[in-house]
Amino acid sequence: MSGAVADVGVLARPRTRDVIGLLARLVLGAVILVAGLLKVGHLETSARAVRAYQLLPYDVAGYVGYALPILEVAVGVLLVLGLFTRGSALVGGVLMVVFIVGISSAWARGLSIDCGCFGKGGTIAAAQTQYPQEIARDVGLLLCAAWLVLRPRTALSLERFLFPDRHDQARIDPDPHHERPPA
Amino acid sequence: MTSSSASRKAKIQAATPKSQQRKGANPVVVATVVVVVIVAAVVTAVILGSRDKEAATTAGGSSLPKGASAMGTGIVVNPGAPANVPTLDLYEDFQCPICAEFEHRFGEGITALAEKNQVKLVFHTLSFLDDNLRNDSSNRAANAAACAADQGKFLEYHTATFGGQPLKEGAGFTDAALKSFAEKVGITGAGLTTWQQCYDGRAHNQYVESVQTQSEKDGVHGTPTLKLNGKDVSLNGFTNESLDAAVKAATK
Chain W
1 MSGAVADVGV LARPRTRDVI GLLARLVLGA VILVAGLLKV GHLETSARAV RAYQLLPYDV
61 AGYVGYALPI LEVAVGVLLV LGLFTRGSAL VGGVLMVVFI VGISSAWARG LSIDCGCFGK
121 GGTIAAAQTQ YPQEIARDVG LLLCAAWLVL RPRTALSLER FLFPDRHDQA RIDPDPHHER
181 PPA
Chain V
1 MTSSSASRKA KIQAATPKSQ QRKGANPVVV ATVVVVVIVA AVVTAVILGS RDKEAATTAG
61 GSSLPKGASA MGTGIVVNPG APANVPTLDL YEDFQCPICA EFEHRFGEGI TALAEKNQVK
121 LVFHTLSFLD DNLRNDSSNR AANAAACAAD QGKFLEYHTA TFGGQPLKEG AGFTDAALKS
181 FAEKVGITGA GLTTWQQCYD GRAHNQYVES VQTQSEKDGV HGTPTLKLNG KDVSLNGFTN
241 ESLDAAVKAA TK
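Just so you know, the protein sequences line up as chains W and V, in that order.
Here the first sequence is numbered in the working numbering, starting from 1 and rising by one per residue.
Here the second sequence is numbered in the working numbering, starting from 1 and rising by one per residue.
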C-alpha cells in the first residue's frame, strides 16, 4: 500500500487494522474450529472423506483423515483466542491451499464428491457437487490467513495479554510509517 | 539516542532479577507447551483411529459367506450366469435411504436380469454409514445378510431388509428386526437356528469389513454405486430400460 493512500485512508489507523485482523482471525478460526469439531467424533468418516479424493494411498489417506480434525480444532482454538496468531494463521493458510488444490484436482478429474470439509464427504450426485463455492470459500479464508500472517497484531488477542513485553517492542520497531498516530 | 536508551534498558534488565524482567508469560515456554499438546493430540488421534479400524476389521469370524469367492469381493447372486454376460456390481449400505429408494424403484428389474442370467449380479454390502450415524446397524445388517447368503437367501434377505428400513435415517435395525427379516424370507426351523448362530457369532464379520475396505480401494465412496463390467453406471436419468440397453450393449 502506498504511503499516500495509507495516510488518508481509514485503513491507515492501526486500531482499524487491529479490528480487521480481529475479524479475519474470528472468521478463519471459527470456520476451522467448527469444521474440526464436526469431524473429530467421526474419525473413520473423516478418513473416508480423504480417501474419496483418491490422491493418497489408502493407508496414508486414513492417517491424514484421523489427524486432520484434531489439528483443525487446535488451530481454530488458537485463532479464536488470538494466541500465536501468525503461526496458527500460517498453518490455517497452508491447510486452505491444500484444500483448494485437493478440491480443484477432484473437480478436474471429474470426481463427484462432497469436499468433506464439515464432515460427510464421499461420492455424491454430479448435480450436487459444489466445487466453485467450496473453492471460493477456501480462497476467502486463505485471504484471512494471509492478512494475519502479514499483520498478526489483532484487537482482543490473548497473546497481547499474555506477552505484553513482546507487543511493547513490536509497537516501537516495525513500520513506523503506518504506526504514526492520526493527525 | 536510540542506542543509549537501549543500552540503558539493557543495564536495567541486567540489574533486575530474572523473575521480574518479564511482565507476561514466557512465549517460548507457552509455545512449546501448545505445540507439544497439539502434536500429542494429533498422534493420539491417528493411533486411536488406526486401532479402532484394526479392531473392527479383525473382530468376529473370518469365514466367507456362500457366493463370495474371496475377502473383499461381493456376493454373487447367480453364479450360474454364462461367461458372455456382463457383471453388474451393486454397492449398497443397508442404512442408506437412497439405496432403499433405488431398490424400491429398480430392484425388481435388476432381480429379473439376474434370474434370466442376463447379468452376473454381485452385491457389495457396505457399512460406512455406521460411523456417520453413530450406530452399528449397517455392519450388523451386512453380517445378517451374509448369514442369509449361506442359506441361498441373500437376494430375498437384501430386499426384505431394505423394505424394513426405518423411515428415520439413523434409527437403525434391532437384532429382532434382522431376525424377523430372516423369518420373512423363509429361513425357519433348523435354518433359522443356523442363521442365528452365524449372526450371533458374527461368523462373516471380517468378510463384511473387507468388502468395505476393498470398495474404497476400488474408488467406491458413496452408495448406491452401480458398475457394469467395472465401469460406473450413472444414476442420472437411470431407468430399468436404460440399464437393459446398457446390459445388451455389454453382452458379447
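In this text, a Cβ means the ideal position worked out from N, Cα and C, and glycines have one as well.
In chain W, which residues lie with their C-beta within 7 Å of the C-beta of residue i?
| i | result |
| --- | --- |
| G219/V | Q54 |
| F128/V | R48 |
| V30/V | L162 |
| G201/V | Within 7 Å Cβ-Cβ: nothing; G201/V doesn't reach chain W, min ~24 Å. |
| G222/V | G122, T123, I124 |
| A41/V | I70, A74 |
Apply the 10 Å Cβ neighbour rule to residue i and answer buried if 16 or more other Cβ atoms are within range, or exposed otherwise.
| i | result |
| --- | --- |
| T125/V | buried |
| A106/W | buried |
| M1/W | Only weak support exists for where M1/W lies, its pLDDT of 45 falling under 50; the coordinates are left without a value. |
| V37/V | exposed |
| Q130/W | exposed |
| H177/W | Residue confidence is low: H177/W scores 48 on pLDDT, short of 50, so the model does not pin down where it sits. Its coordinate-derived value is still stated next. That one is exposed. |
| H158/V | buried |
| R105/V | exposed |
| P174/W | Confidence in P174/W is poor, its pLDDT being 44 and thus under 50, which makes the residue's placement unreliable; the coordinate value appears in the next sentence. Result: exposed. |
| V10/W | exposed |
| R128/W | In the sequence under discussion, the amino acid at residue 128/W is Gln, which differs from the Arg named in the question. Classification for Q128/W: exposed. |
| A30/W | exposed |
| G65/W | buried |
| L148/W | buried |
| M1/V | Its pLDDT being 44, under 50, M1/V is placed unreliably in this model, and the coordinates cannot settle the point. |
| A183/W | For A183/W, the predicted model reports a pLDDT of 43, less than 50, meaning its position is unreliable; a value from the coordinates is still stated below. Classification for A183/W: exposed. |
| S242/V | exposed |
Going by CA-CA distance only, name the one from the options that's closest to residue i.
| i | options | result |
| --- | --- | --- |
| V46/V | L56/W, V60/W, V75/W | V60/W |
| L167/V | T111/V, N205/V, A246/V, C96/V | C96/V |
| V196/V | E209/V, N117/V, V211/V, L178/V | The sequence given here has Gln at residue 196/V, not Val. Comparing Cα-Cα distances from Q196/V to each of E209/V, N117/V, V211/V, L178/V, the minimum goes to L178/V. |
| L79/W | L68/W, Y66/W, V64/W, G93/W | G93/W |
| H68/V | F123/V, T174/V, A250/V | The displayed chain sequence assigns Ala, not His, to residue 68/V. It is F123/V. |
| F128/V | E72/W, H42/W, P57/W | H42/W |
| P57/W | K116/V, R202/V, A190/V, Q214/V | Q214/V |
| L142/W | V75/W, T154/W, L95/W, F118/W | L95/W |
| N139/V | T159/V, E92/V, V119/V | E92/V |
| G102/W | V149/W, R86/W, G121/W | G121/W |
| I124/W | A249/V, L235/V, A246/V, L155/V | L235/V |
| V39/V | G62/W, V97/W, L37/W, E72/W | E72/W |
| I100/W | E159/W, R13/W, P132/W | P132/W |
| G36/W | P69/W, A52/W, Y53/W, G65/W | P69/W |
| I75/V | D218/V, A160/V, H204/V, K231/V | H204/V |
| A89/W | T154/W, G65/W, L162/W | T154/W |
| L158/W | L22/W, A146/W, G110/W | L22/W |
| V98/W | A12/W, V40/W, L55/W | L55/W |
| D218/V | V29/V, K66/V, G72/V | G72/V |
| G170/V | D150/V, T193/V, D131/V | D131/V |
| D175/V | T194/V, Y199/V, K66/V, E108/V | Y199/V |
| L150/W | G119/W, G87/W, R109/W, L156/W | G87/W |
| N84/V | A55/V, V119/V, E216/V | V119/V |
| G140/W | G119/W, V27/W, A108/W | V27/W |
If we call anything under 9 Å between Cβ atoms a contact, is residue i one with residue j?
| i | j | result |
| --- | --- | --- |
| A114/V | L88/V | yes |
| F84/W | V34/V | yes |
| P79/V | L228/V | no |
| C115/W | A47/W | no |
| G222/V | D165/W | no |
| G76/W | L33/W | yes |
| F154/V | V247/V | no |
| C117/W | R25/W | no |
| Q206/V | T111/V | no |
| G152/V | G61/V | no |
| Y53/W | I113/W | yes |
| S50/V | G62/W | yes |
| S137/V | F173/V | yes |
| F94/V | T188/V | no |
| N117/V | P82/V | yes |
| F225/W | P27/V | A question about residue 225/W goes unanswered here, because the residues of chain W that appear run from 1 up to 183. |
List the residues of chain W that residue i touches, going by C-beta distances under 8 Å, in chain order.
| i | result |
| --- | --- |
| S50/V | G62, Y63, Y66 |
| L235/V | A125 |
| A68/V | None at all; the shortest Cβ gap to chain W is about 21 Å. |
Does any residue of chain C bring its CB to less than 9 Å from the CB of residue i?
| i | result |
| --- | --- |
| R51/W | The structure shown contains no chain C; the protein chains it does contain are W and V. |
List the residues of chain V that residue i touches, going by C-beta distances under 9 Å, in chain order.
| i | result |
| --- | --- |
| Y58/W | T213, E216, K217 |
Taking C-beta pairs closer than 8 Å, name the residues in chain V that residue i reaches, listed in chain order.
| i | result |
| --- | --- |
| T192/W | Residue 192/W lies beyond the range of chain W shown here (1 to 183); nothing can be said about it. |
Run down chain V in chain order and give the residues with a C-beta less than 7 Å from the C-beta of residue i.
| i | result |
| --- | --- |
| E134/W | Residues of chain V passing the Cβ test: none, with the nearest at roughly 16 Å. |
| F84/W | A31, V34 |
At 9 Å on the CB atoms, spell out the chain W contacts of residue i, in chain order.
| i | result |
| --- | --- |
| P27/V | F84, E159, L162, F163, D165, R166 |
Quick one: any contact between the stretch 16-30 of chain W and the stretch 178-192 of chain V, if contact means 3 or more CB pairs under 8 Å?
Per the Cβ contact rule, the stretch 16-30 of chain W is not in contact with the stretch 178-192 of chain V (fewer than 3 Cβ pairs under 8 Å).
With a threshold of 8 Å, are at least 3 pairs of Cβ atoms found where one atom belongs to the stretch 138-157 of chain V and the other to the stretch 97-104 of chain V?
Because the criterion of three Cβ pairs below 8 Å is not met, the stretch 138-157 of chain V and the stretch 97-104 of chain V do not touch.
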